[in-house]
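Numbering (the UniProt record's numbering), first residue to last: 1 to 108.
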C-alpha cells in the first residue's frame with residue numbers, strides 16, 4: 001500500500017507514531033466509543049520526559065489503520081503511565097488503562 005492511498009487522518013496517526021517510536025518507549029491509546037486519545041513519550045530539549053497527550057483521533061481512524069495492517073494494538077489493556085493532559089480532557093478523567101500501539105512500517 002502506498003501513502004497516496006491512505007486517508008490524511010491515518011497518515012497523521014502513522015506520522016506521529018513513527019516519530020515517537022524513535023524514542024524507544026511505547027505509545028498508548030485510551031478509547032471511548034467514538035474517540036481515541038494518543039498518549040506518547042514527551043520530548044523536552046532533546047530529553048525524554050514523562051508521557052503526554054498528543055491528540056485525539058476518531059476511533060474509526062485507528063480501526064482503519066489496524067484493518068489495513070499499518071498499526072498493531074497491544075493484546076490487552078495495560079496501565080497507561082501518568083501523562084500530562086489539557087485541562088478538562090476526557091482521557092484524564094477515564095480509567096487509567098489503555099493499549100499499546102505501534103506501526104508496522106507498511107505505508108511506504
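C-beta atoms are modelled at their ideal positions from N, C-alpha and C, and glycine is treated no differently. For clarity, every value in this text was computed on a predicted model and none was experimentally measured.
Nearest candidate by alpha-carbon position, reference residue i, set the options
{"i": "residue 20", "options": "33, 9, 36 and 54", "result": "54"}
{"i": "residue 23", "options": "42, 101, 97 and 96", "result": "42"}
{"i": "residue 28", "options": "105, 74 and 88", "result": "74"}
{"i": "residue 63", "options": "84, 85, 35 and 40", "result": "35"}
{"i": "residue 50", "options": "60, 58 and 25", "result": "25"}
Contact check, residue i vs residue j, beta carbons under 7 Å
{"i": "residue 17", "j": "residue 70", "result": "no"}
{"i": "residue 91", "j": "residue 37", "result": "yes"}
{"i": "residue 83", "j": "residue 39", "result": "yes"}
Cβ-based burial, residue i [other Cβ within 10 Å; buried from 16]
{"i": "residue 77", "result": "exposed"}
{"i": "residue 58", "result": "exposed"}
{"i": "residue 7", "result": "exposed"}
{"i": "residue 103", "result": "buried"}
{"i": "residue 31", "result": "buried"}
{"i": "residue 98", "result": "buried"}
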